[in-house]
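The listed protein sequences derive, respectively, from chains A and B. 1 is the number of the first residue of the first sequence in this note's numbering; add one for each residue after it. 411 is the number of the first residue of the second sequence in this note's numbering; add one for each residue after it. Heads up: the structure comes next, in structure tokens.
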Amino acid sequence: MNVINNVRVAIRALRANMLRSSLTVLGIVIGVAAVVALLSIGRGATSNITEQVESMGTNLITISQGRSFRPGMGGASRSSSLMYKDYEAIQEKVEGINGISPYYSSQTQVSTTSRTTNYSVIGTLPAYLEVNNLEVETGRFITDTDNLERSRVVVIGQDVSDDLFEGLNPLGRTIKINNVSFEVIGVLASKGTSGIGSADSSVIIPIRTGYARIFGSMAVYNGNYTLSGITISAESKDFIDTIMYKVELVLRSQHKLGLNDDLGFTISSQEQMLSSLSDISNTMSAYLGAIAGISLLVGGIGIMNITLVSVTERTREIGLRKAVGAPQKAILFQFLVETMTLAVLGGVIGVILGSLIATIFTYLDLITAKVTFDVILLSFTSSALIGLFFGIYPAYQASKLKPIEALRYE
Amino acid sequence: MIEVKNVTKIYKVGDSEVHALDGVSLKIRDGEMVAIMGPSGSGKSTLMAILGCLDTPTSGDYLIDDKDTSKMKEDQLAHLRAHKVGFVFQQFNLLPRTSALENVMLPLTYDGTKAKERVERAKKALELVGLSDRLHHHPNQLSGGQQQRVAIARALVNEPSILLADEPTGNLDSKNGDEIMAIFQQLHREKHQTVVYVTHDMFIARHTERIIFLMDGKIVRDEAVKNPIKAGTKRPDEVLVNGNHNNNHKIIEVLQ
Ligand SMILES: Nc1ncnc2c1ncn2[C@@H]1O[C@H](COP(=O)(O)OP(=O)(O)OP(=O)(O)O)[C@@H](O)[C@H]1O
Ligand SMILES: [Mg+2]
Numbered sequence: 001m002n003v004i005n006n007v008r009v010a011i012r013a014l015r016a017n018m019l020r021s022s023l024t025v026l027g028i029v030i031g032v033a034a035v036v037a038l039l040s041i042g043r044g045a046t047s048n049i050t051e052q053v054e055s056m057g058t059n060l061i062t063i064s065q066g067r068s069f070r071p072g073m074g075g076a077s078r079s080s081s082l083m084y085k086d087y088e089a090i091q092e093k094v095e096g097i098n099g100i101s102p103y104y105s106s107q108t109q110v111s112t113t114s115r116t117t118n119y120s121v122i123g124t125l126p127a128y129l130e131v132n133n134l135e136v137e138t139g140r141f142i143t144d145t146d147n148l149e150r151s152r153v154v155v156i157g158q159d160v161s162d163d164l165f166e167g168l169n170p171l172g173r174t175i176k177i178n179n180v181s182f183e184v185i186g187v188l189a190s191k192g193t194s195g196i197g198s199a200d201s202s203v204i205i206p207i208r209t210g211y212a213r214i215f216g217s218m219a220v221y222n223g224n225y226t227l228s229g230i231t232i233s234a235e236s237k238d239f240i241d242t243i244m245y246k247v248e249l250v251l252r253s254q255h256k257l258g259l260n261d262d263l264g265f266t267i268s269s270q271e272q273m274l275s276s277l278s279d280i281s282n283t284m285s286a287y288l289g290a291i292a293g294i295s296l297l298v299g300g301i302g303i304m305n306i307t308l309v310s311v312t313e314r315t316r317e318i319g320l321r322k323a324v325g326a327p328q329k330a331i332l333f334q335f336l337v338e339t340m341t342l343a344v345l346g347g348v349i350g351v352i353l354g355s356l357i358a359t360i361f362t363y364l365d366l367i368t369a370k371v372t373f374d375v376i377l378l379s380f381t382s383s384a385l386i387g388l389f390f391g392i393y394p395a396y397q398a399s400k401l402k403p404i405e406a407l408r409y410e
Numbered sequence: 411m412i413e414v415k416n417v418t419k420i421y422k423v424g425d426s427e428v429h430a431l432d433g434v435s436l437k438i439r440d441g442e443m444v445a446i447m448g449p450s451g452s453g454k455s456t457l458m459a460i461l462g463c464l465d466t467p468t469s470g471d472y473l474i475d476d477k478d479t480s481k482m483k484e485d486q487l488a489h490l491r492a493h494k495v496g497f498v499f500q501q502f503n504l505l506p507r508t509s510a511l512e513n514v515m516l517p518l519t520y521d522g523t524k525a526k527e528r529v530e531r532a533k534k535a536l537e538l539v540g541l542s543d544r545l546h547h548h549p550n551q552l553s554g555g556q557q558q559r560v561a562i563a564r565a566l567v568n569e570p571s572i573l574l575a576d577e578p579t580g581n582l583d584s585k586n587g588d589e590i591m592a593i594f595q596q597l598h599r600e601k602h603q604t605v606v607y608v609t610h611d612m613f614i615a616r617h618t619e620r621i622i623f624l625m626d627g628k629i630v631r632d633e634a635v636k637n638p639i640k641a642g643t644k645r646p647d648e649v650l651v652n653g654n655h656n657n658n659h660k661i662i663e664v665l666q
């Protein structure tokens with residue numbers, strides 16, 4: 001048996017059945033394109049989220065108001081607030097901290113003479129900049145002096161600047177927060193992220209100014225100032241667990257909680273956040289993958305349909321080829337080459353089409369899709385396998401018939 | 411030599427059985443030219459399929475050159491079909507959407523002929539059956555008679571030592587039928603090929619040396635032709651006037 005010869009036979013047979021060949025290719029193209037596009041979008045979303053979290057800073061630990069849910073834990077449940085004093089205690093007692101920044105944030109009306117919008121206004125300390133991995137684009141950040149003097153100064157994010165000043169230089173201009181005038185002293189460099197809590201939409205003031213003029217009684221509990229949260233950056237990754245443990249001890253002693261009492265705060269590391277976020281995006285990828293798998297299956301069924309429809313004629317063809325002396329392996333080889341050609345052709349076109357769709361999605365800014373090699377490989381091989389199975393199996397069945405039976409097949 | 415020993419072929423259709431062949435035994439020597447006749451449904455095509463190794467008998471043996479085909483593996487049978495046997499089907503069985511030339515080349519694909527040689531030989535075979543001007547026509551662009559001649563060319567192309575033809579002249583007028591007979595007689599005479607064909611036409615049948623009559627799956631008569639007709643001989647007027655088919659039945663009745 002001569003390989004080139006059989007390839008030639010297969011190509012001749014493909015050409016003799018142009019319509020059927022094209023329909024089979026189309027089925028594979030649709031399946032592969034769907035898989036590549038959907039999986040790329042899933043991958044893109046995953047790495048998007050990861051990048052966003054990582055851009056927040058490194059080795060971060062956040063402490064926030066609110067109970068972490070811990071089933072099975074007994075003990076008294078007491079509601080208590082995160083206090084400014086807690087921040088001072090942590091700063092004093094916990095080692096290995098690179099930067100620590102307490103903050104209080106509240107949704108507040110912010111206006112210029114021409115515009116009024118609601119922003120979450122953050123009262124904090126100078127350390128906020130470094131801990132959150134932010135940079136100042138123009139002007140300066142708040143200083144300790146600003147804080148001690150309760151200066152009415154504000155640093156704004158890029159989006160806020162665009163919103164309120166529409167391209168004018170905001171430095172030295174006045175904005176009103178809750179009808180109190182503030183001078184804009186700096187604008188943060190854009191991080192390219194958007195949404196609630198993003199640096200680009202922040203409005204930052206000294207925390208004491210906030211307590212004194214903006215946040216009001218909401219920020220006071222039992223005569224002491226409260227916090228929305230504390231962000232800590234550890235000196236190194238290795239300290240994170242120790243710091244988290246020590247922070248918990250400090251908080252317990254501050255709030256007079258026993259070891260078995262429910263801690264009213266959530267202490268979490270960036271790593272935990274990353275892993276839970278990537279859990280979410282993995283789930284999403286899995287769903288997209290499932291949809292993609294279904295479309296591949298649909299494509300496969302399309303291929304099967306076309307093969308089955310043509311099986312009558314092809315069975316006669318197989319009968320004839322056997323009658324003129326073709327051994328079974330020559331017939332199988334012919335069909336193998338035929339379906340391989342179709343599967344590879346369909347696979348290549350499908351990969352190109354799917355990548356194109358993913359690129360268009362990215363280009364339109366809908367989602368940043370990532371076309372990766374493993375996605376291409378996965379969709380390509382699965383389509384090839386489906387194509388092979390549905391192409392070869394009926395041919396194999398037919399090649400086992402006696403020539404006369406195959407010739408009479410209806 | 412080919413030898414059929416007490417062969418039966420039973421088709422099961424639902425609950426009933428059709429005995430298409432019912433204890434057929436016969437020997438055909440190398441280089442013999444034989445016609446098989448018999449009414450429709452008597453089992454001629456069934457017998458031809460077994461002779462061509464396209465089908466296997468329900469019981470009995472079929473030997474080619476003293477080798478029992480029932481003991482052969484599928485690949486050995488394929489080898490026989492590729493090298494030893496040429497077959498003309500009653501229904502032509504040409505590949506659709508494929509040119510006459512490529513149809514005729516098909517057997518050469520599987521018998522080890524070199525690619526270059528195939529085209530030449532296929533062209534020669536088509537020339538022999540008078541279709542040099544239809545090389546690139548697809549079957550649906552050919553008349554019934556032309557399709558039949560493509561099928562004959564395909565059976566001839568690998569110069570099989572046994573040529574089996576199931577009603578090779580059924581769709582041809584007397585002139586074309588005569589040309590086919592000339593080809594068959596030439597192969598028989600010059601290349602000593604064994605030629606076996608089925609026909610309903612006594613005049614065509616008498617171009618051979620021996621006629622076998624089948625009836626209800628049994629051989630009812632097997633006799634030598636005294637003066638084989640030479641291809642090119644004019645058909646006697648009465649046969650032409652009466653038409654082939656009716657006449658055959660008369661002949662068969664007479665023979666019985
Ligand atoms: N695949 C099959 N299944 C069932 N019965 C069959 C099959 N093939 C043939 N037969 C039956 O076997 C008998 C012989 O058929 P065969 O085709 O050999 O006849 P024939 O002599 O060639 O007839 P014709 O002159 O019409 O071609 C018929 O009665 C036919 O109905
Ligand atoms: Mg018949």
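From the three backbone atoms N, C-alpha and C, an ideal C-beta is built for every residue, glycine too. What you are looking at is a predicted structure, and each value in this text was computed from that prediction instead of being measured.
Closer than 9 Å to chain A by CB, residue i
i                      : result
residue 520 of chain B : yes
residue 652 of chain B : Note on residue 652 of chain B: pLDDT 44, under 50, position unreliable in the model; no value is reported.
residue 468 of chain B : no
residue 547 of chain B : no
residue 525 of chain B : yes
residue 638 of chain B : no
residue 508 of chain B : yes
residue 503 of chain B : yes
residue 577 of chain B : no
residue 465 of chain B : yes
residue 559 of chain B : no
residue 516 of chain B : yes
residue 417 of chain B : no
residue 478 of chain B : no
residue 530 of chain B : no
residue 485 of chain B : yes
residue 491 of chain B : yes
Beta-carbon proximity check, residue i vs residue j, cutoff 9 Å
i                      : j                      : result
residue 98 of chain A  : residue 136 of chain A : no
residue 60 of chain A  : residue 234 of chain A : yes
residue 549 of chain B : residue 313 of chain A : no
residue 280 of chain A : residue 204 of chain A : no
residue 34 of chain A  : residue 335 of chain A : no
residue 300 of chain A : residue 340 of chain A : no
residue 491 of chain B : residue 394 of chain A : no
residue 189 of chain A : residue 104 of chain A : no
residue 302 of chain A : residue 23 of chain A  : yes
residue 121 of chain A : residue 277 of chain A : no
residue 82 of chain A  : residue 265 of chain A : yes
residue 512 of chain B : residue 532 of chain B : yes
residue 269 of chain A : residue 36 of chain A  : no
Cβ separation of residue i and residue j, assumed to be a contact under 8 Å, to the nearest whole Å
i                      : j                      : result
residue 446 of chain B : residue 437 of chain B : That belief does not hold up - the Cβ atoms of residue 446 of chain B and residue 437 of chain B are roughly 14 Å apart, past 8 Å.
residue 39 of chain A  : residue 288 of chain A : 6 Å
residue 108 of chain A : residue 214 of chain A : 6 Å
residue 577 of chain B : residue 605 of chain B : At roughly 14 Å, the Cβ-Cβ gap does not stay under 8 Å, so residue 577 of chain B and residue 605 of chain B are not in contact.
residue 667 of chain B : residue 598 of chain B : With chain B represented from 411 up to 666, any question about residue 667 of chain B goes unanswered, as that position is not in the structure.
residue 503 of chain B : residue 407 of chain A : 6 Å
residue 457 of chain B : residue 413 of chain B : That pair is no contact at about 13 Å.
residue 32 of chain A  : residue 383 of chain A : 5 Å
Test: residue i CB closer than 9 Å to a CB of chain B
i                      : result
residue 407 of chain A : yes
residue 404 of chain A : yes
residue 410 of chain A : no
Selection of the segment 4–32 of chain A by Cβ proximity to chain B, strictly under 9 Å: 4, 5, 6, 8, 9, 12, 13, 15, 16, 17 and 18
Contacting positions in the segment 305–336 of chain A - beta carbon closer than 9 Å to chain B: 313, 316, 317, 319, 320, 321, 322, 323, 324, 325, 326, 327, 328, 329 and 330
Interface positions of the segment 369–393 of chain A facing chain B (Cβ-Cβ less than 8 Å), listed along the chain: none
Sequence-ordered residues whose beta carbon comes within less than 7 Å of a heavy atom of ligand 2: B:454, B:455, B:500, B:576, B:577 and B:608
Within 7 Å of chain A by C-beta, residues of the segment 430–461 of chain B in sequence order: 459
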